[in-house]
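Here is the structure we will look at.
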Amino acid sequence: MFKAYDQLLHRHPIAVQAVTTSGLFIVGDILAQQAVERKGLSNHDVSRTLRLASFGGLIAGPAIALWYPFLQRTVAFKREWQSVVARVALDQTVFAPTFIGIFITSTTLMNGHSLADVKVRLNDGYREAVVNNWKLWPAVQIVNFAFVPLLYRSLVVNSIATGWNTYLSLLTSRLDGSSKSE
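According to the working numbering, the residues represented by the sequence shown are 200 to 381, in order.
Quick look at the structure:
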């Protein structure tokens with residue numbers, strides 16, 4: 200199975216990344232709704248799961264598939280450890296904060312809220328999400344950039360991201376609840 204995945208990843212990296220990321224957003228949301236929120240299958244919000252899957256497939260997957268090759272091409276120092284540090288720094292100061300802002304904005308709009316609601320949700324959740332991102336992802340990315348071949352970096356991130364996607368699902372659910380109560 201891994202060989203087939205590997206072949207597809209070599210031939211269609213963006214499409215494979217989009218499908219993989221979409222699937223892992225589905226897993227993350229199911230975990231959030233069933234294991235954490237304990238909604239039960241009859242109360243599962245399928246539209247929420249589909250919105251997150253859409254975000255994963257249409258935005259997150261392609262963005263990640265393009266970001267890692269960009270970093271590899273543009274950040275290269277004589278010493279590999281310097282390249283790793285610089286890539287992690289750019290990933291965590293440029294990509295992650297931008298990605299989180301796009302995530303909150305996209306999910307707010309996909310939930311049918313207004314641009315004014317986007318501003319409220321960014322004020323309510325952006326800082327928390329970025330700080331929590333920095334508790335997890337720098338360590339993951341150091342290992343990823345130092346030891347994982349470029350083509351498989353997205354796979355490493357997606358593996359760890361199942362838990363992160365659960366967190367993002369819970370965050371958007373909480374922010375959606377706070378928007379409704381205003």
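All C-beta atoms in this analysis are idealised placements derived from N, C-alpha and C, irrespective of residue type, glycine included.
These numbers were taken from a predicted model, which means no experiment stands behind them.
Discussion item. Would Arg-286 and Leu-270 be called neighbours here (beta carbons separated by less than 8 Å)?
Written reply: yes
Worksheet entry | Under the three-state DSSP convention, the category Pro-212 falls into | helix
Practice prompt. Specify the secondary structure class of Val-274 as computed by DSSP and reduced to three states.
Written response: coil
Worksheet entry | Cβ of Arg-326 within 8 Å of any chain C Cβ | The question asks about chain C, but that chain is absent: this structure has only one protein chain.
Worksheet item: Residues in its own chain within less than 6 Å of Ala-259 by CB, not counting five upstream and five downstream?
Response: Thr-220
Worksheet item: Is the distance from the Cβ of Leu-406 to the Cβ of Ala-231 below 8 Å?
Response: The structure shown does not extend to residue 406, since the chain spans only 200 to 381, so no value can be given for it.
Worksheet item: Quick one: what's got a C-beta closer than 8 Å to Gln-291's C-beta in the same chain, skipping five residues either side?
Response: Asn-332, Trp-333, Trp-336, Pro-337 and Gln-340
Worksheet entry | Neighbourhood of Pro-212 by C-beta, 6 Å cutoff - its chain only, sequence neighbours within 5 removed | Ala-264
Practice prompt. Go to Gly-324, then tell me how far its alpha helix (DSSP H) extends in each direction, as first and last residue.
Written response: 314-346
Worksheet item: From Gly-227, Val-215 and Gln-206, pick the residue whose C-alpha is nearest to that of Leu-367; which is it?
Response: Gly-227
Worksheet entry | Where Asp-228 sits in the DSSP three-state scheme | helix
Worksheet item: Ends of the alpha helix (DSSP H) at Glu-279?
Response: 279-289
Worksheet item: If Ala-252 and Phe-298 are in contact, beta carbons under 8 Å, what's the gap, nearest whole angstrom?
Response: Contact flag wrong, Cβ pair sits at about 17 Å.
Practice prompt. Can you tell me which of the three DSSP states Glu-381 falls into?
Written response: Confidence at Glu-381 is low in this model, with a pLDDT of 46, below 50, so its placement is unreliable and no value can be given for it.
Fill in: Proximal residues to Phe-254 (C-beta, below 6 Å), its chain only, five neighbours per side dropped
Ser-305
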